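Under the numbering used here, residues 28 to 312 are what the sequence shown spells out, in order.
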Amino acid sequence: MSVDAIFETVADVAGEVRAALGERRSYTAAENPSGETQLAADVYADELLEERLLALDDVAAYASEERPEVIESATTGADEGFHVACDPLDGSSNLKSNNGMGTIVSVYDRPLPAPGDALVAAGYVLYGPITTMVTARDGRVREFLVEDGSREILEADLQIPEDPVVYGFGGRAPDWPDRFADYVRAIEDDRLKLRYGGAMVADVNQVLTYGGIFGYPMLSGHPDGKLRLQFEGHPMAAIVAAAGGASSDGVGSLLDRTPAELHERSPLFVGNESLVDRLEAALDE
């Protein structure tokens, strides 16, 4: 078994999740640990990933944005296998409007919550007009077409374009800090195009395709923003960094951060290094 087996399992599950989305658009009575109401599709994707990933010999534990605690393998010891964190259905609120969604997976070699330097691989599945999978491992980013649970290579060494084109930031603009709002106006003056769809996977995929920056900033009343460091910050930071970009929490790289608890939130920015550096400078003024 290997990291490849984890990615292959996620790709296999992705086919089942996509096929089931149309029947699971209703909300349940439950909330996830972050206080968000769960769709039936969230629960379905989470349960499938837990079952299939914990069945792998090399997976010691599974954690997800949809459950409060880490689930440990009954057969693989903590020191013997990988610890997998997932956002089973990123952007699931887009299901009602039939917009992009995805699945995010990160693989650590230490128990969760784990620091960024314990991340050994990361990836995401994008449920768009076609289903694709992007993975980062050993410093290289690859893109695959996913059909019938199998992967076909589309790009063997994906790199973020040097000349940025798009940007997208979450949260309400009136809630943005003044320095961040000034930064947004400055990059708009550079003629970057607004692209924001409400699903991190889809928005980051556009940044990797066209160059640019995506972020969910600190907000008034919510200084840590919305996104989770373990489930979204670390994996997306690792993917973008391996593709030649950079990440930040507004001060430094997300990969230098260690969450104090499993569902810790963090401001999150990923994209071209020049735009991330410029962001940090603007926030430090």
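Quick reminder that beta carbons are idealized off the backbone N, C-alpha and C, glycines included.
The structure presented is a predicted model; accordingly, all values stated were derived computationally and were not measured.
Looking only at 288, 191, 168, 295, the smallest Cα-Cα distance to residue 276 is reached by 295. Sequence-distant Cβ neighbours of residue 199 in its own chain, meaning closer than 6 Å and more than five residues away, do not exist here.
Residue environment for residue 125: exposed (fewer than 16 other C-beta atoms within 10 angstroms of its C-beta). It is roughly 31 Å from the alpha-carbon of residue 72 to the alpha-carbon of residue 299. When C-alpha distances from residue 32 are compared across 234, 206, 176, the shortest belongs to 176.
The C-beta distance from residue 206 to residue 273 rounds to 19 Å, too long to meet the 8 Å contact threshold. For residue 258, same chain residues with a beta-carbon under 6 Å away, outside a window of 5 residues either side, are 92, 112, 114 in chain order.
Beyond the five residues adjoining it in sequence on each side, residue 210 comes within less than 8 Å, by CB distance, of 305, 306, 309, 310 in the same chain, given in chain order.
When only Cα atoms are considered, residue 224 and residue 154 end up about 13 Å apart.
Residue 183 sits exposed, since fewer than 16 C-beta atoms from the chains shown fall within 10 Å of its C-beta. In the DSSP assignment, residue 213 falls within the alpha helix (DSSP H) that extends over 205 to 216.
Boundaries cannot be given for residue 105, as no beta strand (DSSP E) includes it and DSSP labels it neither H nor E. For residue 189, no alpha helix (DSSP H) run applies, since DSSP gives it neither H nor E. Rounded to whole angstroms, the separation of the alpha carbons of residue 292 and residue 245 is 10 Å.
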